[in-house]
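Residue numbers (our numbering), protein chains in the order written: chain A, 9 to 190; chain B, 162 to 656. C-beta atoms are modelled at their ideal positions from N, C-alpha and C, and glycine is treated no differently. One structure is given below, encoded as C-alpha cells.
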Amino acid sequence: MSEPNKFSRRSALMKLGLLINGGIAALLTVPVVGYILSPLRGKSGEGYNARVSLGSLDQFPEGQTRLATFRNPFVRPWDGQTADIPCWVRHLAGPTFQVFAINCAHLGCPVRWFSQSGLFMCPCHGGAYYADGSRASGPPERGLFQYPYRIEGDHLVIRAGELPTLAADAGTAAIRRKPCAG
Amino acid sequence: MRWIESLCDWMDRRLQLSGAIREAALHRVPRSSASWWYVFGSAALTVFILQVVTGILLAIVYVPSAAEAWNSLQALNHDLTLGWFLRAMHGWGSNFMVALVLIHMVQVFLFGAHKYPREFTWIVGVFLLLMTLGMAFTGQVLRFDQDAYWGLGIGASITGRVPLIGGWLVNLLLGGPIIAGETLSRFFALHVFVIPGTLIGLVGLHLLLVLKLGINEWPMPGRVVRRETYLKEYEELTHKDGVPFVPDAIWKDLIFAGCILLAVAFCGVIFGPFGPTGQPDPTIIETVPRPDFFFLWLYALLSLLPPQFETPFLLIAPLIGIAALLLLPFLSGEGEKSWRRRPIAVLTVLLLAVALGTFTKLASNAPWSPQMNAWSGSTVPQRYLKDRSPLERRGALVFQDKQCRNCHVLGREGGQRGPALDTVATRLTPDQLIRQVLQGRGNMPAYGKNLSPAEVTALVAFLTTLHPAGQARARDASRPVALEASGESSSSTRP
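Following this line, the structure appears as C-alpha cells:
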C-alpha cells in the first residue's frame, strides 16, 4: 500500500466529516448543559423562595415555641412526604415572631426544642442553640437559620422553599433586601 | 459432546477470540505472585459482579420515587419471595466491596506495586476507589429512609460551604431547592447508570493494564526498581521463574472469591438487610441519623473538629488526599518495593488505619451527641437521693427537668457530651458550679436565663453532694484566708 496523500480529496472529506460532527456535538452540548443546569434557575429571579402560610396565629401561643409544618412551595407530585417541611415557630409577643429552620446550621440535622431548658439540641454532632436561635455550644458556627415572616390577616406567612445551608441561609437574603417586620 | 466442540469451533472461526483468551489465561506470572496476598483485587471484582447482578434484580422492583421508594423497599423486605435476602446480599456486598478495595489498595501500596511501570494502573485504581465510595454513598441514599434523608442534608450542607458557587452546587446536587423527588431520581441515575458504567470501564482498563504490564512480583528487600532495567528484569523473572496464570495462580483467586461470596451470603442470612429505617418524612424529627459504617469516621471527624477548622478541612483535605494518592507513583516511582525497607510507608498505613479505626469506634457510640431522652428516661440513682435534704432533692429534680442529663452522665446513664457528674463536687466549688451553670463555658450553654435563683440554689446544693464517700469536696483555698484576713483587718481597725 502506498503512503496516503496528506492532501488527498479523501482526507479532506474525512476532516470535513469530523468538523461537521464536532460542530453538531458542540451544538448539542447547549441543550444538554442547559438541561443539567436547570435546577439552578430560581423563579422570577428571587431564587427558590416563595410565600407559604404556616396557618392561623392562634396555633402559636405567646411565649411558646412550637413545631409547624408546611408543604414546600416547589413540589412535584411524586415528592411524597419529603415535601412536608417542619420549622420551629417562636411567638415572642404581639406581632413579633421568630421562625427557625429545622436544619441545624452545622450540617442540617433536625434540631429539637426543649422548652424546660430553653434549648434547641441537635442529635447528630451535638450542636445546641438558645431559645432565640443563637448559638449556645457545639460545632455550629452560627445561630439557627430563620425564615422571614409576615402576618397577613390572622395568618403567619413565611418565605421558604430552599434547603437552608450556609450558602442559602433560609430567607436571610430576602431579609437583607427588605426587612420583614411582620 | 461432539456438537458442542463443533459449535465452539464454528463460533471461534468467526469471532477469532480463542487465541487472545488463551494468551491472557496462560500468560506467565512470577511464581512468587501466585500468592494468597494477591487475591484481593479479583475478590473485589467478584463482589462487584455480585453487586451488578443483585442490583439489577432489586431494580426490577425498586421504585425510584420519593413518594414510593420506601414502600417498595418494604415490599422487597416483606412481600417478595427472598427479596430481603437480595437486599441483604446487596447491602453486605457493598460493605465487603469497600473493605476489599481498601485492603487491595493497602496491599498494592505496601508491596510497591504502584511503582514503575504500573503508575497508571495505580491511578486508575484510585478512581476505582472513589467510584466505589461513590457507589456506597449513593446506595445509602437509594435506601430512602430517615438516615438517607438527613444524610443528604449533611451532604448538601457540606456542599453549601464551597465559597461563591456553594448555593448552585447544592441545587445541582439536590436537583432543585430542597431534598425531594428529583434528588432521589438524580442519585438513582448516578447509582445505577453513571457510576457503575464508569466502574465497568475503569475495571476493564485496570485489568488490561495488569495483563499488559504483568502482575507485580513479590517484593524482595534490596531488589530496587530502576526505570532503565526493570522491564528487562521482570521479563527474565517471568521466564526463569514464572508459571502460567491459569491454573497456577488463578486457583487461589477462585477459592478466595468463593469464600468471600459465601461470607456475603452468610452475613446476609444472619444479619439481614440494612433498613430501611423510618420513613423519609422530615416532619418526624424524633430521629437520630447515622451514616453507614464506612462513613462513620467522617461523622466522628465532623463532630470533633474545632468549628473554625471545619470548612477549610472539609473542602481542602479531600483534594489534598486525592492529589497525594494520584501523585504517589510519580513521587516514589522507583526504589525499594519491599515494605521491610519502607518504614514511612508502613507508618503511614498504620497511622491512617489507627486514625480511621479510632474515629469509627468513637462514632459507634457518638459521645458528642446529646441523649435526647435521658432527662425523662434515666432515673437519678437512689444513693444520690438517700438522706438528702429537701433542697438537695429539689435540686435533683431541677437537674432532670432542665435536661442536664441529656449531656451529663449520672450513675453511668445519660449523655456524654459533657463530663460525668458523679464526682463533680470534688472538682468544682459551689461558687464555680454557680458560675458554670449560669454562664456556661466550653461546650456548655449558659442557663442563666432559664433558671430562677431558687432553682440555681437547689441545683448547686444537689451537685455539691456528688462526691465519693471519704473524698472531700472541692473548696476555695483562698476563702478562709480571705475571711480570716478580713476578720483581722476589721478587728484591727476597730478601736
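Within chain B, partners of residue i - CB distance below 9 Å
i	result
A/T77	P443 and T444
A/F82	G337, P338, I339 and A341
For residue i, three-class secondary structure by DSSP
i	result
B/N567	helix
A/H99	strand
A/D66	helix
A/S61	strand
B/S499	coil
A/E7	Residue 7 of chain A cannot be examined here, being either before or after the span of chain A that is shown, 9 to 190.
A/N111	strand
B/M162	coil
A/S52	Bear in mind that the predicted position of A/S52 carries a pLDDT of just 47, short of 50, making it unreliable; the figure below should be weighed with that in mind. Correct three-state label for A/S52: helix.
A/Y138	strand
B/P468	helix
B/D583	coil
A/D92	strand
B/I340	coil
B/E553	helix
A/S123	coil
Option in the options with minimal Cα separation from residue i
i	options	result
A/N57	A/A175, A/L174 and A/E170	A/E170
B/I356	B/E447, B/R573, B/V213 and B/D409	B/V213
B/Q307	B/A461, B/G575 and B/T438	B/T438
B/G429	B/H352, B/R248 and B/V208	B/R248
B/E229	A/W86, A/P81 and A/A144	A/W86
B/A227	B/P441, B/L392, B/F474 and B/V364	B/P441
B/P606	B/P531, B/S647 and B/R549	B/P531
A/H99	A/T77, A/P69, A/F122 and A/F82	A/P69
A/Y155	A/G63, A/L174, A/I166 and A/T77	A/I166
B/T299	B/H569, B/T242, B/R451 and B/V353	B/V353
B/T344	A/R120, A/T73, A/F82 and A/A139	A/F82
B/W529	A/T37, A/G146 and A/P103	A/G146
B/I284	B/L368, B/L351 and B/F209	B/L368
B/P490	B/L271, B/R578 and B/L517	B/L271
B/S639	B/S167, B/T590 and B/N611	B/T590
B/Q543	B/P278, B/T390 and B/L627	B/L627
B/V541	B/T519, B/K522 and B/Q564	B/Q564
B/S613	B/G202, B/R588, B/G556 and B/L243	B/G556
Proximal chain B residues relative to residue i, where beta-carbon distance stays under 7 Å
i	result
A/E170	P338 and I339
A/F122	Q564
A/E149	P468
Amino acids of chain A, ordered along the chain, whose beta-carbon sits closer than 9 Å to that of residue i
i	result
B/V331	E170, L171, T173, A175 and A176
Contact with chain B by residue i, beta-carbon distance below 7 Å
i	result
A/S52	Low confidence applies to A/S52: its pLDDT is 47, below 50, so where it sits in the model is not reliable enough to give any reading.
A/W86	yes
A/P118	yes
A/M22	no
A/H133	yes
A/G126	yes
A/Q89	yes
A/S145	yes
A/Y56	yes
A/I166	no
A/A136	yes
Below-7 Å beta-carbon distance, residue i vs any chain A residue
i	result
B/P324	no
B/R578	yes
B/V642	no
B/P452	no
B/S530	yes
B/A317	yes
B/A236	no
B/N377	no
B/G575	no
B/G314	yes
B/V449	yes
B/S464	yes
B/A227	yes
B/G358	no
B/M172	no
Contact set between residue i and chain A, taken where Cβ atoms lie within less than 8 Å
i	result
B/I477	Neighbours of B/I477 on chain A: none; closest Cβ ~16 Å, over 8 Å.
Cross-chain neighbours of residue i in chain D, by beta carbon under 9 Å
i	result
B/L523	Although the question refers to chain D, the structure presented lacks it and instead comprises the protein chains A and B.
7 Å Cβ cut-off: residues of chain A touching residue i
i	result
B/N567	M129
Query raised in the report: For the stretch 189-200 of chain B against the stretch 369-380 of chain B, are there 3 or more C-beta pairs whose distance is under 8 Å?
Result: yes
Query raised in the report: At a cut of 8 Å, does the stretch 89-104 of chain A reach the stretch 462-470 of chain B through at least three beta carbon pairs?
Result: no
Query raised in the report: So does the stretch 127-144 of chain A actually touch the stretch 494-513 of chain B, counting three or more Cβ pairs closer than 8 Å?
Result: no
**Report entry** Given 8 Å, three or more beta-carbon pairs between the stretch 314-326 of chain B and the stretch 113-121 of chain A
**Finding:** yes
Query raised in the report: Counting Cβ pairs closer than 8 Å, one from the stretch 290-304 of chain B and one from the stretch 404-420 of chain B, do we hit at least three?
Result: no
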